[in-house]
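Asks: One structure is given below, represented as structure tokens, and several questions about it will come after.
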Amino acid sequence: MTLALIGTRPRRRGLRAFHGIWIALILIAAPLAGICIGETRIPVSTVLQVMANRFWDAGYVLDPIDEGIIWSYRLPRALVAGGCGTALAVCGVILQSLLRNALADPYLLGISAGASTGAVLIAVVGVGAAAVPMSAGALGGALLAFGLVALLARMAGGGTGLRGAGQIILAGIAGSQLFNAMTSFLIARSANAEQARGIMYWLLGNLSGVRWDDVWLALAAAMLLLIVAFWHMRALDAFTFGAESAASLGVPVRQVQVVLILVSAMATAVMVSITGSIGFVGLVVPHAARFLVGVRHALLVPASALIGMVFLIAADIMSRIMIPGQTLPIGVVTALVGAPVFAVILIRARTVSR
Amino acid sequence: MIRATDLSWRAGGKAILHGTSLTVAKGEVLGLIGPNGSGKSTLLRLLAGLLKPSSGHLELAGRPLDRMRQRDIARLLAFVAQQAETSDRISVRDAVELGRTPWLDALRPWSEEDDRHVAHALARVGMQGFETRDWITLSGGERQRVHIARALAQCPKVMLLDEPTNHLDIHHQLSIMQLVLDLKLTTVIALHDLNQAMICDRLGVMHHGRLIAFGPPAGILTPELLERVFAVRVTELTDPSDGSRIMRFLPLNRKETICAF
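Same order as they appear, the protein sequences are chains X and H. The numbering used here numbers the first residue of the first sequence as 1162 and each following residue consecutively. The numbering used here numbers the first residue of the second sequence as 338 and each following residue consecutively.
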């Protein structure tokens, strides 16, 4: 309770500094862990020396292989994982709040599937696999998928009520299936065996082969999403009692919905084009954050962002060390954790609605 | 305070509300009565700017409503729905703080003034001491009080309430009605109970999407009108304790089961 109030009322300076310090520590410690832990363990001191070399030309003499692993492989990977986790978690918060649905997330609503189809279309049809056109294709796919799912939910009688909650998830499942099938169709029809294997692996959610270009794109998308979510935190709060109540509190409902869903779809599309579709982060992380800091968005948005970042970096570490000598797709790890948590949410949702 | 001219509203090609005109004076309590589906809720939502009229003109405090931003409307006018629920685990204070939304934005954060408005609103509905209670632990009457406190935290000049006592037991019905009257705000309230409607300053009677009568309660609630609109027969009684008029309702056809309220 006291925690839930911190974000909304003036607080003591000391407390704010305290929160600032531990948040900064996590922001540094999580990527650091992502860099150090892996098939070959790298001591923290080596990592810090590489950073010093790169940023300040410190001139430490280091094994070039270690330096290469850290700078070109593990650091971009950790940063993309962090940005991706942040973005997916905040997308989950936004969708759950706007749709008044505890089960809403980019993956379940078919946005990720649509983004995959769009990205694969660009990759296979041959505009090239560069990050930006693939992101554009993914964005087109994501918006198309969400549009179709929202339309289907509405035609099936969905609203913001209890029945509507079921309809949009069912529509999302139908949309996911459709777009996943279209992706498979595209791959089967147009890709050669080598391409097909690569794309299938990427589709499961994969951070291998992440480059610095991807890092900037991912971080920019995550940052933009975070800023937009912060800007709208009171509007998101106002949806607590539904869209009509939000409108009566002076929120321009239609405009807020369009902006937030557009930016969420954009962030999802960017992440999918870089890492493939990673499920369950957008679903599970907001619930964990709500459990810790309550439902007010002034705290929920930053808490989800932070937990999402740490969760996905941790999942990336797991994916690299679970099977020695092999890297699992990160989507497999998040689903292994996410599916049981999803089950718990379903069970709890039932007891609450009774 | 409110001036509506020839309002109508259509949904799916069907007219729900036909050319309705009314005015509400400053400080007045206007009751809207009528059978289910007669257009009371639609009219309230038009007045609140939650629906856009298909035709007609609306003024709030002398300004045309369709030129006002949603935010400016919310600073002047608060709306309490029949039953607004949430599955989020929020506290009473969280719910009332939502009322400050139209006064805040990213550049004007929460301040002590907002704290005062919230505390004052809770006190006015008699819910001080409930700040930290979870929403799900509240009774229906308490929830409606918190909704009214949330509306009061908006510091509105006008309150619109859509059958706020509908799901409550008789004790809470009367206490919420009394609370609304004691607010001394310009109020439009949709009501179900005709005897409760008698305490409004003026009444509007809705029937098939039309406002068919408008004026002080005593002049309006005639047996002929009630028979036509609600399909009931009315006998009037006088309460010997204070001399007020009480209506007793009977089915039009005496052979049906007689049930009187």
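Even glycine gets a Cβ: it sits at the ideal position worked out from N, Cα and C. These numbers come from a predicted model, not from an experiment.
1) Counting C-beta neighbours from all protein chains within 10 Å, is the total for Pro1267/X 16 or more, i.e. buried, or is it exposed?
2) According to the neighbour-count rule (16 or more other Cβ atoms, all chains shown, within 10 Å of its Cβ), is Gly640/H buried or exposed?
3) Would you mind working out which of Pro1225/X, Gly1366/X, Leu1460/X sits nearest Asp431/H, comparing C-alpha positions?
4) What is the residue span of the alpha helix (DSSP H) that Met1384/X lies within?
5) Which partner residues of Leu344/H appear in the DSSP bridge assignment?
6) Output needed for Glu468/H: all residues of its chain with C-beta closer than 6 angstroms, excluding positions within five of it in sequence on either side, in chain order.
7) Since Val602/H and Cys537/H are thought to touch, with beta carbons under 8 angstroms apart, how far apart are those beta carbons, to the nearest angstrom?
8) With DSSP as the reference, label Glu396/H as helix, strand or coil.
9) Using a Cβ-Cβ cutoff of less than 6 angstroms, which residues in the same chain neighbour Gly1322/X once the five nearest sequence positions on both sides are dropped?
10) His457/H to Lys494/H, Cα distance in whole Å?
11) Looking at chain H, is there any beta carbon in it that lies within less than 8 angstroms of the beta carbon of Gly1443/X?
12) Taking Met1432/X as part of the alpha helix (DSSP H), name the residues at either end of that continuous run.
13) Using alpha carbons as the reference points, say which of Ala1383/X, Gly1492/X, Ala1399/X, Val1454/X lies closest to Val1412/X.
14) Note down, in chain order, all residues in the segment 400-432 of chain H with a beta-carbon under 9 angstroms from any beta-carbon belonging to chain X.
15) Quick one: does Pro607/H have its CB under 8 angstroms from some CB of chain X?
16) So, does the CB of Ala443/H fall closer than 8 angstroms to a CB anywhere in chain X?
17) How is the beta strand (DSSP E) around Thr575/H delimited, first residue to last?
18) List, in chain order, every chain X residue whose beta-carbon is nearer than 7 angstroms to that of Leu435/H.
19) Classify Arg445/H as helix, strand or coil using the three-state DSSP reduction.
20) Checking contacts by CB at 8 angstroms: is Pro439/H closer than that to chain X?
21) Rounded to a whole number of angstroms, what is the C-alpha to C-alpha distance between Arg585/H and Glu564/H?
22) The alpha helix (DSSP H) spanning Asp425/H covers which residue range?
23) With 8 angstroms as the C-beta to C-beta threshold (strictly closer), list the residues of the segment 1432-1457 of chain X near chain H in chain order.
24) Given a cut-off of 8 angstroms on the beta-carbon distance, is the pair Asn1367/X and Pro1225/X in contact?
25) Could you confirm whether any beta carbon from chain H is found closer than 8 angstroms to the beta carbon of Ser1151/X?
26) Taking just the CA atoms, how far does Ser378/H sit from Leu387/H?
27) Do you know whose CA, among His529/H, Arg539/H, Ile557/H, lies nearest Leu359/H's CA?
28) What residues in its chain sit with their C-beta under 6 angstroms from that of Asp343/H, if we drop five residues either side in the sequence?
29) Would Ser1273/X pass as an interface residue toward chain H - the criterion being a Cβ-Cβ separation below 8 angstroms?
30) Classify Trp346/H as buried or exposed, calling it buried when 16 or more other Cβ atoms lie within 10 Å of its own Cβ.
31) Below 8 angstroms on C-beta distance, what does Ala362/H contact in chain X?
32) Name the residues in the segment 385-398 of chain H whose C-beta lies less than 7 angstroms from a C-beta of chain X; which are they?
33) Compare the C-beta of Arg1358/X with all C-beta atoms of chain H and state if any pair is closer than 8 angstroms.
34) Roughly how many angstroms lie between the CA atoms of Val422/H and Pro501/H, to the nearest whole one?
35) Is there at least one Cβ from chain H nearer than 8 angstroms to Ser1406/X's Cβ?
36) Could you list which residues in chain H have their beta carbon closer than 8 angstroms to that of Arg1509/X, in chain order?
Replies: Taking the geometry as given:
1) buried
2) There is no way to answer for residue 640/H, as the model of chain H reaches only from 338 to 598.
3) Leu1460/X
4) 1373-1392
5) Thr357/H
6) Val429, Arg430
7) Residue 602/H falls outside the range modelled here, since chain H spans only 338 to 598, and no answer is possible.
8) strand
9) Because Gly1322/X sits at a pLDDT of 44, beneath the cut-off of 50, its placement in the model cannot be relied upon, and the following sentence gives the value as read from the coordinates. Here the set comprises nothing.
10) 16 angstroms
11) no
12) 1414-1436
13) Ala1399/X
14) Arg406, Gln407, Arg408, Asp409, Ile410, Ala411, Arg412, Leu414, Ala415, Phe416, Val417, Ala418, Ala421, Glu422, Thr423, Ser424, Asp425, Arg426, Ile427, Ser428, Arg430, Asp431, Ala432
15) There is simply no residue 607/H to check, as chain H begins at 338 and stops at 598 in what is shown.
16) yes
17) 569-575
18) Asp1398, Ala1399, Thr1401, Leu1410
19) strand
20) yes
21) 12 angstroms
22) Premise fails: Asp425/H is in no alpha helix (DSSP H) and is neither H nor E.
23) Arg1451, Gly1455, Val1456, Arg1457
24) no
25) A question about residue 1151/X goes unanswered here, because the residues of chain X that appear run from 1162 up to 1515.
26) 11 angstroms
27) Arg539/H
28) Gly356, Ser358, Gly393
29) no
30) buried
31) By Cβ distance, chain X contributes nothing, its closest Cβ being about 23 angstroms from Ala362/H, past 8 angstroms.
32) Ala385, Leu387
33) no
34) Checking the displayed sequence, the identity of residue 422/H turns out to be Glu instead of Val. Each residue's alpha carbon lies about 13 angstroms from the other.
35) yes
36) Under the 8 angstroms cutoff, chain H gives no residues; its nearest Cβ is about 10 angstroms from Arg1509/X.
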